[in-house]
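These notes concern the structure reproduced below.
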């Protein structure tokens with residue numbers, strides 16, 4: 023029976039694990055349980071790599087980004103990534119709803135008034151208090167601004183108050199999630215962290231540099247959030 027490319031790649035990973043297991047057993051002065059744990063981590067990492075970089079989804083994202091970047095009519099940042107099983111889904115949801123209604127903190131309308139309830143600013147580095155991923159704030163809305171069906175799907179039952187508090191667009195660190203993502207997060211699920219720089223292929227589209235504490239926005243982003251000093 024013919025083997026497709028995905029199955030072939032996975033088979034190759036599993037076959038590679040055999041000599042690696044032998045090397046680990048010969049050269050690592052560890053217990054059997056430690057060696058088993060190391061091998062499991064190796065295989066899990068290889069399978070995750072296959073899914074993130076050798077899958078149809080990852081190639082589709084790469085092609086979409088390339089087309090966006092070379093298009094002479096492209097004027098907005100590209101939102102890429104994958105659906106998040108834990109909620110706050112980026113990717114397709116954001117692409118479909120970013121314009122013209124300005125969903126997901128995507129409105130180009132300047133925030134000339136900064137409500138006192140808005141706790142965080144663009145450029146601040148934050149961490150999700152539930153899922154643990156890090157990121158940098160690239161936008162905010164005084165209240166959640168997203169399609170109603172998206173809110174119902176991504177806001178847990180009993181968390182209806184999430185949509186009445188500030189919500190933030192977060193550029194997610196690719197060390198925490200391999201596929202580049204932007205998420206949309208209620209304020210109570212974030213906390214500021216310090217001395218951390220974020221890795222993301224689009225970060226230079228939004229910020230000029232990291233000053234050691236936070237990121238300094240580019241002029242276009244600063245014009246949208248003039249009060250975020």
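Numbering (the numbering used here), first residue to last: 23 to 251.
Positions of the beta carbon are idealized from the N, C-alpha and C atoms, including for glycine.
{"Asked": "DSSP state of residue 184 mapped onto helix, strand, coil", "Found": "helix"}
{"Asked": "Residues bridged to residue 163 [DSSP beta-bridge criterion]", "Found": "189"}
{"Asked": "Expected contact under 8 Å - CB spacing of residue 212 and residue 148 to nearest Å", "Found": "5 Å"}
{"Asked": "Closest residue to residue 196 among 224, 251, 182 (Cα-Cα distance)", "Found": "224"}
{"Asked": "Buried/exposed call for residue 184, threshold 16 Cβ in 10 Å", "Found": "buried"}
{"Asked": "DSSP state of residue 246 mapped onto helix, strand, coil", "Found": "helix"}
{"Asked": "Span of the alpha helix (DSSP H) around residue 174", "Found": "170 to 176"}
{"Asked": "Neighbour-count burial assignment, residue 165, 16 or more Cβ in a 10 Å radius", "Found": "exposed"}
{"Asked": "Proximity winner among 145, 137, 163, 248, relative to residue 226 (alpha-carbon distances)", "Found": "145"}
{"Asked": "Residue 241, buried or exposed, once every other Cβ within 10 Å from all chains shown has been counted against 16", "Found": "exposed"}
{"Asked": "For residue 126, the nearest candidate out of 230, 136, 172, 150 (CA to CA)", "Found": "172"}
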